[in-house]
Amino acid sequence: MIVFPAIDLKQGQVVRLAEGDMDRATVYGDNPAEQAKLFAAAGAGHLHVVDLDGAFAGESRNREAVEAIIAEFPGHVQLGGGIRTPEAVEGWFNLGVSRLVIGSAALSNPQFVKDMAREWENGIVVAVDARDGMVATEGWANVSDVPVADLARRFEDAGVASLLFTDIGRDGLLKGCNIDATVDLARQTNMPVIASGGVKGLCDIRLLSVHASDGIEGVITGRALYDGRLDLAAALQMAEQA
């Protein structure tokens with residue numbers, strides 16, 4: 240199982256939001272590239288980066304910071320936030336991003352996602368962000384009437400690398416990952432699932448790793464790392480055993 244330390248970007252700074260609310264951002268630093276180096280030094284081989292401003296704007300807003308992260312992080316960078324055109328997809332892959340996360344467009348323009356998944360093999364991750372079981376889009380500002388599993392099934396045969404499932408109601412609150420909902424989604428689809436939202440400590444890593452055989456590919460963690468509640472090296476060691 241993969242542990243993805245997270246770097247969320249807002250106006251070039253490293254932040255964490257509470258329940259996806261831009262007005263409830265906690266700033267953890269102003270040097271994203273240096274943070275990426277620290278995660279690499281702890282043993283991380285994968286990194287999850289989100290351009291929060293881009294998620295709301297529909298296009299990149301923290302390009303310089305992302306480029307600096309790519310230059311400094313020796314492992315795989317997974318990037319999300321405002322990726323909604325073929326040109327944006329091609330541009331990021333050409334810069335060295337390993338995988339791109341597409342969220343809002345998965346609901347509004349599913350054919351675009353399928354086309355990109357076929358063109359960029361194992362490069363596209365579909366973000367399935369949920370509030371009370373329903374898909375949320377546009378930086379989580381809008382909640383649809385589409386159930387999470389229904390959206391996920393639309394991409395089962397499209398060549399999508401993984402699903403990234405986030406329980407918005409837990410994101411950034413250290414309440415613990417929604418293990419049951421994450422595992423349930425993995426069991427309902429034939430795609431690997433990455434868990435996100437609410438990770439509070441090593442207990443979440445342990446519980447998720449038990450379900451690696453159910454299709455849990457990895458877990459994204461942010462605030463727990465920044466607040467010192469989760470030791471990255473210990474999390475990586477536990478995940479390797481899954």
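Residues 240 to 481 in my numbering are what the sequence shown lists, from first letter to last. Each residue gets a CB set at the ideal place from its N, CA and C atoms; glycine is no exception. Note that the structure is predicted; figures quoted are calculated from it, not measured.
Looking at D354, M355, N348 and V387, the one whose alpha-carbon comes closest to that of A369 is V387. In the DSSP assignment, R357 falls within the unbroken alpha helix (DSSP H) covering P349 to E358. Pairwise C-beta distances place the region 416-424 out of contact with the region 266-274, as fewer than three of them are shorter than 8 Å. Going by beta carbons, G437 and G415 fall inside the 9 Å limit.
Looking from the CA of F295, the closest CA among D260, V266 and P349 belongs to D260.
In the DSSP assignment, V364 falls outside any alpha helix (DSSP H) and lies within the beta strand (DSSP E) extending over I363 to R370.
Between A366 and M430, the C-beta gap is not smaller than 9 Å, which leaves the two residues out of contact.
In the DSSP secondary-structure assignment, D290 is bridged to L248. Taking a contact as a CB-CB distance under 8 Å, the pair R462 and L413 counts as one, their CB atoms being some 6 Å apart. Sixteen is the threshold: when 16 or more other Cβ atoms of the shown chains lie within 10 Å of the Cβ of R338, as they do, the residue is buried. A400 is a Cβ neighbour of A356, given a cutoff of 9 Å.
Rounded to the nearest whole angstrom, the CA to CA distance from R263 to K249 is 12 Å. Membership of E306 in the alpha helix (DSSP H) is indicated by the continuous run R302 to E311.
Between R323 and A304, the C-beta gap is not smaller than 9 Å, which leaves the two residues out of contact.
The Cβ atoms of A481 and L441 lie no closer than 9 Å to each other.
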